[in-house]
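Worksheet: the structure to be examined is printed underneath.
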Amino acid sequence: MSTTPRLPAVDSAEPATFAGVTAHAPKMMRDFFGVYAEFWQNGVVAAEVKEMTRLRNARMTDCGY
Amino acid sequence: MSIVDSLPGASAMEGLLNHRPQLSAQYRVFYESFWRDGLVPRRVLALTRLRIAYIHSCVAELQIVDAQASVSANEHDQLSRGHIAGFSESEQSALKLAEQMPHSVHQITDDQVQAAAQHFGHPGCVALLTALAFFDVNCRLKLVYEIPALESETSPECESQL
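These protein sequences, in sequence, are chains A and B. Number 479 in my numbering belongs to position 46 of the first sequence; there are no gaps in the numbering. Number 593 in my numbering belongs to position 152 of the second sequence; there are no gaps in the numbering.
Below is the structure:
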């Protein structure tokens, strides 16, 4: 798997971070971050459980990012 | 009666998500953006969503149709088999990515992403990859919740149906 970002950031002077690359579709990603913020900031599942499962999922999918 | 049957909502999926109404509402807005923003051709969204649903054998997802993106019975058959030669070059570039998203995301190549970027531009490529990821998510959610197939012959449209 490539370790070089496959798409440039919107601002070519900036590194190709997740936010920088996905900013090519700004409206869609604004809506995504709205969902993600709601998921993390509210709800009945403890933050520790969310974080634990997030890390386990990242391990399982071999996502070092 | 399963938990799905006992919940209110426009669909069984939404009924479940409505345990978290705000999360459900925001997820709907986000999911609708794939169709609303127009960065990826509607037919490409239809083909890739169906291919991912076929990979997962997710009947509940396969029942959802996009009336504005005609997919013939023969094309459904080709998608069910993963045969993409009959589709256009741009559609094939998207279907190759869709093929990998559910179970072999690490096998996606630089060339495959570049091909999609050439056909759809960088905004379209970002939107396509995100849509593919969430088509996969929706199938996984429906399978893990055991969302039932619809009994009605009336098929809901995809952008209004999670």
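Backbone N, C-alpha and C define an ideal beta-carbon position, used for all residues, glycine too. Treat the numbers as computed from the prediction; the structure is a model and nothing was measured.
- The three-state secondary structure of Val506 of chain B, taken from DSSP, is strand.
- For Met542 of chain B, no alpha helix (DSSP H) run applies, since DSSP gives it neither H nor E.
- Judged by their CB atoms, Ala590 of chain B and Ala487 of chain B are not nearer to each other than the 8 Å cut-off.
- Cβ-Cβ distances below 6 Å link Ile496 of chain B to Pro543 in the same chain, with the five nearest sequence neighbours on each side left out; the list follows chain order.
- Bounds of the alpha helix (DSSP H) holding Gly467 of chain A are Pro459 to Gln474.
- Using a CB distance cut-off of 8 Å, Val485 of chain B does not count as an interface residue toward chain A.
- Interface annotation, Ala452 of chain A: not in contact with chain B, CB-CB separation never under 8 Å.
- For Met493 of chain A, the nearest beta carbon of chain B is not closer than 8 Å to its own beta carbon.
- Contact check for Leu480 of chain B and Ala568 of chain B: beta-carbon distance about 4 Å, within the 8 Å limit, so the pair qualifies.
- Going by beta carbons, Ser474 of chain B and Asp495 of chain A fall outside the 8 Å limit.
- Leu570 of chain B and Leu520 of chain B have their C-alpha atoms roughly 18 Å apart.
- Put simply, the CB of Thr455 of chain A is near chain B, with a gap under 8 Å to one of its CB atoms.
- At a cut-off of 8 Å between C-beta atoms, Leu538 of chain B does not count as an interface residue with respect to chain A.
- Judged by their CB atoms, Cys499 of chain B and Leu440 of chain A are not nearer to each other than the 8 Å cut-off.
- For His560 of chain B and Val477 of chain A, the gap between their C-alpha atoms comes out near 43 Å.
- Glu481 of chain A has its alpha-carbon roughly 47 Å from the corresponding atom of Ala526 of chain B.
- Cβ-Cβ separation between Gln555 of chain B and Ile549 of chain B: approximately 11 Å, too far for a contact (criterion under 8 Å).
- Straight-line spacing of the CA atoms in Thr455 of chain A and His517 of chain B works out to 31 Å.
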